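Asker: In the UniProt record's numbering, the protein residues as written are 176 to 397.
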Ligand code: CTP
Ligand code: CA
């Protein structure tokens, strides 16, 4: 079975894919982030381009640029928010594989913070929820979200699907994806359908997601 076992056409579709972690600075030396490698998002961008889509990749991971894909590098959640929301009105779909930091330090020190004896407290404030905002502004775009969970996968997935107005949520257990070249995912669709896959290479998961997207486009056509 090849990495590109099935691949429906996404010809003529403008697709925004986000990938990787965001980083939230504490001072010039340190930041808060997460374990996302960006591999899943890059694999989706590649698969969508192969399927004929016009792809913009907004990424917090600095992996090698993909040919034929417009790549926009960002660092923080707020930068990702601006780049995605500004492009959203022209997009046919957004696939949010990025692991966006939910919080950032309230204050960013201009100088290196020096240690002192005892504990240190950092106040964190909420970042915007990009995907939720896209859900609110949704016209006829198809929205695909991701969720990596440690527990209560189904319950959390269904809740995210609903509150963010998604068409598809791709969920996995955190231990099945971070840092790996493979992933084991379940698709949760807005119409209640569910599809669980065996563990497979992320490149193959990406093809499944693109095929599901092609089906969602087909279903939304008048
Ligand atoms: N997401 C986003 N902006 C954020 C947080 C998350 O766009 N500030 C997107 C992610 O890219 C992902 C989806 O929302 O596609 C779900 O992210 P996740 O972190 O699993 O969900 P949260 O809503 O942040 O809930 P929690 O972290 O509390 O589980
Ligand atoms: Ca989160």
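Every residue gets a Cβ at the ideal spot worked out from N, C-alpha and C, and that includes glycine. Just so you know, these numbers come straight off a predicted model, no measurement behind them.
On the three-pair Cβ rule with 8 Å, is the region 186–194 touching the region 267–274?
Answerer: Contact holds: three or more Cβ-Cβ distances are below 8 Å.
Asker: Does residue 196 pass the burial test, meaning 16 or more other C-beta atoms within 10 Å, or should it be called exposed?
Answerer: Looking at its Cβ environment, which holds 16 or more other Cβ atoms inside 10 Å, residue 196 is buried.
Asker: Quick one: does the C-beta of residue 192 sit closer than 7 Å to a heavy atom of ligand 1?
Answerer: Residue 192 Cβ: outside cutoff for every heavy atom of ligand 1.
Asker: Using CA coordinates, which residue listed in 229, 276, 259, 245 is at the minimum distance from residue 252?
Answerer: Checking every option, the nearest Cα to that of residue 252 belongs to 276.
Asker: Determine the closest residue to residue 343 out of 318, 324, 331, with distance taken between C-alpha atoms.
Answerer: For the residues 318, 324, 331, the minimum Cα distance to residue 343 belongs to 318.
Asker: Let me make sure I understand the geometry here. Which of 219, 296, 249, 313 has the alpha-carbon closest to that of residue 282?
Answerer: It is 296.
Asker: Would you tell me roughly how many angstroms separate the C-alpha atoms of residue 176 and residue 291, rounded to the nearest one?
Answerer: Any reading at residue 176 must be qualified, since the residue scores a pLDDT of 46, below 50, and its modelled position is unreliable; the value itself is stated next. Taking the straight line joining both Cα atoms gives about 57 Å.
Asker: Of all the options 361, 227, 248, 273, which has the alpha carbon lying nearest to the alpha carbon of residue 370?
Answerer: Closest by alpha carbon: 361.
Asker: Within the continuous beta strand (DSSP E) that includes residue 299, where are the two ends?
Answerer: First-last of the beta strand (DSSP E) with residue 299: 299–301.
Asker: Looking at C-beta atoms only, is the number of pairs between the region 307–318 and the region 225–243 that lie closer than 8 Å three or more?
Answerer: At 8 Å Cβ cutoff, the stretches do not touch.
Asker: Compute the beta-carbon to beta-carbon distance between residue 323 and residue 335, rounded to the nearest angstrom, for a pair I have assumed lies under 8 Å.
Answerer: So it is not a contact: roughly 11 Å between Cβ atoms.
Asker: What's the gap between the Cα of residue 302 and the Cα of residue 278?
Answerer: Cα-Cα distance, rounded: 5 Å.
Asker: Just to check my reading of the structure: residue 219 and residue 256 have Cβ atoms closer than 8 Å, yes? What is that Cβ distance to the nearest angstrom?
Answerer: The Cβ separation is near 20 Å, so there is no contact.
Asker: How about residue 249 and residue 233: are their beta carbons less than 8 Å apart?
Answerer: Yes; because the gap between Cβ atoms is below 8 Å, this pair is in contact.
Asker: Residues in its own chain within less than 6 Å of residue 381 by CB, not counting five upstream and five downstream?
Answerer: Only 218, 219, 222 meet the Cβ criterion.
Asker: DSSP three-state label for residue 250, please.
Answerer: Three-state result, residue 250: coil.
Asker: Return helix, strand or coil for residue 372, following the three-state DSSP convention.
Answerer: Coil.
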